[in-house]
Amino acid sequence: MRLQGEARGWLLASPYIVSAILFFLFPLGWSLSLILFDWNLISPVRTYVGLGNFREAFTSARVFQAFFNTYKFMAIIVPAVLVLSLVLALIVHHLPRLKQFYAVGFFLPYLASGVAVSLVVRGILSYDSAFNELLRSLFGTSPRWLRDPFWATLVISAMIVWKLSGYYALIFLAGLQGIPRELYEAAALDGAGSFTQFRKITLPLLYPAFYTVLVLAIGLCFGIFTEPYVLTGGGPRFATHTWQLEIYYQAFERFRAGYGATVAVLNALATFVSILIIRRVVEAWGARRGFR
Amino acid sequence: MSMARKKTVKMAALYAVATCLLLIMITPYLYMLLQSLAPWHEVDRVFLPSSLNTRSYRWLLAGGAEALPRPWLKSLGNSALVTTVVTISRVILGAFVGYALAVLSFRGRRVVQNFILFHMFYPGIILLVPTFLLIRAMGLYNTYLAMILPGLVSTWAIFMYVNFFRSVPKEVVEAARMDGAGELRIIFQIMIPIARPVTAIVFLFLFMERWVELLWDLIVVRDPTKQTLNVLLTTMFGPYGGYPGPLYAAGVLLTFPIIFLFLLFSRRFVQGVSLVIST
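Going down the list, the sequences are from chains A and B. The opening position of the first sequence corresponds to residue 9 in this note's numbering, with each subsequent residue numbered one higher. The opening position of the second sequence corresponds to residue 109 in this note's numbering, with each subsequent residue numbered one higher.
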């Protein structure tokens, strides 16, 4: 059978169209009606609450914690991941041989399931682990790690930085490889030392890569789930509570479908607005400095 | 010191730093592997076990403690099944739709294209609760289909193929048509072979992503015989608290297949990753 013209295109595109109607448009419409109701997922009775779900979410201490923690995680994760991935990229870039070996090796953490890594972290930090014994023999004491809000935040941030750095390093690496060698040669002739070259040539020309990594990393901070879900359950004292934990908890542990969907909408709004603002700020900064 | 000598020292230092960092980056993997092979009384208590044995694996693959039996091997199979079906479907359907949008011209093509962009950037988290309700209403709660069906098409895969196919000269497709080739033959015998760098990268990223999916699989499947290894491991942190060795063995089963797969394709990956970055 030979299909003619129009039909071929529609037929080949149909897998997407069917899937988008069923699993995108339909749930999208449903979410708009869900947020107006109080419904426990089971009962045939749904109570119309208007904007009640939003009112509750705006005054909820749990939602505020999730909102606040996202920026707390961001303040740790984003600078750390930018520095570490840039360092990894610079190292790989300057190696005369085995570039690929090291690039692939640094990328390996990205493959890890957050669950498996959480298992390792829990083991290493458990009270009578070899690591804590070592700390106690050195300092006489060991932190309470996941039971301490400060350390729990740091541990979860470190896990995410560890996972992402090798991936983002590839982005910086591509940026570094795109910088023409002649620029460095000309600068060297003018007597610029390697630090000056780095500051005046490498960093400015890496601006597009920097921008990409920044936006990716910020977006990720709004979707933290696996690590705190497995390790801390959002605690201690909500120090590692996140948007997705709150949505999961409300919708699937307390079975509050409408409220859970409402928190999800707020999560999406917070993500969208935050990324928009940060992008504007970084773009304005880049433009002032004359970066592209 | 001579210039050449100085340079050699510098390079040696660079390799030393690179190797140290590499070791740090893979420490969690090494730790997991060593602890899964350690005698049980040494698990987490020592960095390097005094001897290695496979007790944790035998215990795990025999189904776990008699008091807490869990289908570990089956869950590994479940992960493989769900991940493979979803990833292959995403790649093939991605190529189909990508081909339709990049090569064929039909009315409404631009609308579909723009809609895909909107879809791609629409925050998926909003859809979590209603999609779950939909799956439940379709009677798919606690089934493999619940994990498979919503993920059969990936907008990102389509996007990648559209970008690639657009760069293929029109003459290639026209020549094939002159020879009497149908659309499916053009896709499978011409387009997919030349898109190999894209396919490699799309396949790897989607496979990795699906393999470690947690939230969705956790919500739609509660039956342990159907859970993926990732979900089963998550639920057993507490119950198996007294059996850290076997948990590490499960961690190894979850992590090392994907590492092997990745290393197998790593050459293609490094070549192709710029395709992802440039978009």
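All C-beta atoms in this analysis are idealised placements derived from N, C-alpha and C, irrespective of residue type, glycine included.
{"Check": "Just the C-alpha distance for methionine 9/A and leucine 292/B, rounded to the nearest angstrom, thanks.", "Outcome": "For methionine 9/A, the predicted structure reports a pLDDT of 41, less than 50, and the residue's modelled location is therefore unreliable. The matter cannot be settled from this model."}
{"Check": "When DSSP builds the beta bridges, which residues end up paired with tyrosine 56/A?", "Outcome": "Phe45/A"}
{"Check": "For proline 258/B, return the contacting residues in chain A, with the cut-off set at a CB-CB distance below 7 Å.", "Outcome": "Phe31"}
{"Check": "What did DSSP end up calling glutamate 321/B once you bin it into helix, strand or coil?", "Outcome": "coil"}
{"Check": "Thinking C-alpha only, which one of Ala308/B, Phe223/B, Phe272/B is nearest threonine 195/B?", "Outcome": "Ala308/B"}
{"Check": "Tell me whether glutamate 193/A is buried or exposed, calling it buried when 16 or more other Cβ atoms sit within 10 Å of its Cβ.", "Outcome": "exposed"}
{"Check": "Provide the residue span of the alpha helix (DSSP H) that contains glutamine 205/A, from first to last.", "Outcome": "202 to 205"}
{"Check": "How many Å lie between alanine 65/A and methionine 228/B at the Cα?", "Outcome": "27 Å"}
{"Check": "Compare the C-beta of phenylalanine 204/B with all C-beta atoms of chain A and state if any pair is closer than 7 Å.", "Outcome": "yes"}
{"Check": "Once you ignore the five residues that flank phenylalanine 115/A on each side, which residues in its own chain have a CB closer than 8 Å to its CB?", "Outcome": "Gly174, Tyr175, Ala177, Leu178"}
{"Check": "With a cut-off of 7 Å, does the C-beta of isoleucine 234/B fall near any C-beta of chain A?", "Outcome": "yes"}
{"Check": "Mapping DSSP to helix, strand and coil, what is methionine 316/B?", "Outcome": "helix"}
{"Check": "Of all the CB atoms in chain B, is at least one closer than 7 Å to the CB of tryptophan 38/A?", "Outcome": "yes"}
{"Check": "Check each residue of the segment 124 to 144 of chain B: if its Cβ is closer than 8 Å to any Cβ of chain A, include it; give the result in chain order.", "Outcome": "Val125, Ala126, Leu129, Leu130, Met133, Ile134, Pro136, Tyr137, Tyr139, Met140, Gln143"}
{"Check": "For aspartate 136/A, which residues in chain B fall below 9 Å Cβ to Cβ?", "Outcome": "Asp152, Arg153"}
{"Check": "Would you tell me roughly how many angstroms separate the C-alpha atoms of serine 126/A and glycine 113/A, rounded to the nearest one?", "Outcome": "20 Å"}
{"Check": "Quick check on DSSP: helix, strand or coil for glycine 350/B?", "Outcome": "coil"}
{"Check": "Whose C-beta lies closer than 7 Å to the C-beta of serine 159/B among residues of the same chain, with five residues either side of it excluded?", "Outcome": "Pro147"}
{"Check": "For methionine 268/B and alanine 121/B, what's the separation of their Cα atoms in angstroms?", "Outcome": "40 Å"}
{"Check": "In whole angstroms, what separates the C-alpha of leucine 312/B from that of glycine 60/A?", "Outcome": "44 Å"}
{"Check": "Could you spell out where the alpha helix (DSSP H) holding threonine 250/A opens and where it closes?", "Outcome": "Counting along the chain, threonine 250/A falls outside any alpha helix (DSSP H), and DSSP gives it neither H nor E."}
{"Check": "Jot down the residue ranges of each uninterrupted alpha helix (DSSP H) in the segment 89 to 135 of chain A, minimum 4 residues, whole runs only, in chain order.", "Outcome": "107 to 115, 122 to 133"}
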